[in-house]
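For reference, the structure discussed in these notes is given below.
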Amino acid sequence: MQTSKTHSSESMSKDLSELMKEATKEVHEQAENTPFMMNFQKGQVSLHEFKLVAASLYFIYSALEEESERNKDNPVYAPVYFPAELHRKAALEQDLEYFYGRNWKEEITCPQATQKYVERLHYVGKSQPELLVAHAYTRYLGDLSGGQVLKKIAQKALQLPSTGEGLAFFTFDGVSNATKFKQLYRSRMNALEMDLATKKRVLEEAKKAFLLNIQVFEALQELVSKGQENGHPVQLKAELRTRNINKSYEHGPAHGKESERINRRHTDMMPITPLVRWILALSFLAMTVAVGLFVM
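If you read the sequence shown in the numbering used here, its first letter stands for residue 1144, the second for the next number, and so on.
Shown next as structure tokens:
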């Protein structure tokens, strides 16, 4: 018994970032070995699924960043508070306006599974802020790590503009060197003062964060399989609404034809069956989280 306790104590003496990666390895492998990731890697993602993902991420990051602000001066979280470099809410707002139009807030809703994630973030931020470290690490470093790969895949699959519209979520303008920044982030996290019991709770929270992400996209998968978007029926027609496309109709036939061509192109990419749609929906989550954690 004493030997077991000693071994446990020695293993927990490792850096927190290393422990976090080890703790989430099993659930990471579960996501990595699903066919969903492979679909996304092949560029098999539709605009419909991409929009659903962006909407749920908006609610998640709104909660995460609200709690980050609440705890920015708290010593259990302050060292890993990097709003200019990492915060994603504003970027997601840009993407949602691009995809849904100016009234995007009226177009999106928060699914139950997403709300569960949001509630957990608020609970942690208010009651156990030391656990907020696990959520920030899992999401931000995952997005920063896998973001550029996913950005290129999505840009090509959805034929989005090369100028980056619709992909702000993956663009970290405040990070000039991702490798060096991640090293800084890990060193700050590893320097947090935590006793053995707190470390264990943080590691458990990291696994919970990963599972909450998966649950969110399982719920989105169900929505898509029923042919719904944000609780409303979805018609398989052109969905991309941007200021550029809207303006093209205002400037005469030539521009209208170009917009029609773009819309038709996106329509052609829509999945044919509900089965294919829900597979693609979950592929985005699996790729986002698993690719990110793999390279963290």
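Note that CB positions come from ideal geometry on N, CA and C, so glycine has one too.
Continuous alpha helix (DSSP H) stretch holding residue i: start and end
i       : result
Tyr1328 : 1321 to 1333
Ser1368 : 1339 to 1368
Leu1293 : 1285 to 1300
Tyr1224 : That residue, Tyr1224, is in no alpha helix (DSSP H); it is neither H nor E in DSSP.
Thr1257 : 1255 to 1270
Ser1160 : 1159 to 1166
Glu1250 : 1247 to 1250
Leu1274 : Where Leu1274 is concerned, there is no enclosing alpha helix (DSSP H), given that its DSSP letter is neither H nor E.
Whole-angstrom C-beta distance between residue j and residue i, which should lie under 8 angstroms
i       : j       : result
Thr1281 : Ala1221 : The pair is not a contact, with the Cβ atoms about 19 angstroms apart (cut-off 8 angstroms).
Thr1268 : Glu1210 : Before going further, note that residue 1268 is Gly rather than Thr in the sequence given. Contact holds; Cβ gap of about 3 angstroms.
Leu1162 : Tyr1201 : Leu1162 to Tyr1201, Cβ: 30 angstroms. No contact.
Lys1294 : Phe1313 : 4 angstroms
Val1359 : Tyr1243 : No, Val1359 and Tyr1243 are not in contact; Cβ-Cβ is about 19 angstroms, not under 8 angstroms.
Beta-carbon proximity list for residue i, same chain, < 6 angstroms, skipping 5 on both sides
i       : result
Val1219 : Pro1272, Glu1273
Ser1156 : none
Glu1212 : none
Asp1238 : Ala1197, Gly1309, Ala1311, Phe1312
Arg1329 : Ser1160
Cys1253 : Phe1202
8 angstroms CB neighbourhood of residue i in its chain, flanking five on each side removed
i       : result
Gln1255 : Ala1362
Lys1350 : Ala1166, Thr1167, Val1170
Tyr1224 : Ser1211, Asn1214, Lys1215
Gly1186 : Ile1296, Lys1299, Ala1300
Pro1249 : The question names Pro, but residue 1249 in the sequence shown is Glu. Correct list: empty, nothing qualifies.
Coarse secondary structure for residue i, derived from DSSP in three states
i       : result
Asn1217 : coil
Gln1230 : The identity of residue 1230 in the sequence shown is His, whereas the question assumes Gln. Residue state, collapsed to three classes: coil.
Glu1401 : Residue placement at Glu1401 cannot be trusted, given a pLDDT of 41 that sits under 50; the coordinates are not used to answer.
Ser1305 : coil
Glu1310 : Note that residue 1310 corresponds to Leu in the displayed sequence, not to Glu. Of the three classes helix, strand and coil, the one that applies to Leu1310 here is coil, per DSSP.
Ser1199 : helix
Gln1237 : helix
Ser1156 : coil
Val1170 : helix
Lys1194 : helix
Phe1315 : coil
Ser1189 : coil
Asn1336 : Before going on, a small fix: residue 1336 reads as Glu here, not Asn. In the structure shown, Glu1336 sits in coil (DSSP, three-state: anything other than H, G, I, E or B).
Residue-level contact to chain C via CB, residue i, 8 angstroms cutoff
i       : result
Tyr1204 : Protein chain content of the structure displayed is limited to a single chain, and chain C is not contained in it.
Contacts around residue i, its chain only, beta-carbon distance under 7 angstroms, and the 5 residues preceding and following it disregarded
i       : result
Lys1333 : Just to set this straight, residue 1333 is Asn in the shown sequence, not Lys. For Asn1333, where only same-chain residues beyond five positions count, the Cβ hits under 7 angstroms are Asp1158, Leu1159, Ser1160.
Ala1397 : Confidence is the limiting factor: at Ala1397 the pLDDT is only 41, short of 50, which leaves the residue's position unreliable, though a coordinate-based value still follows. Closer than 7 angstroms at the Cβ level, and outside the excluded window around Ala1397, lies no residue.
Ala1206 : Val1261, Leu1264, His1265
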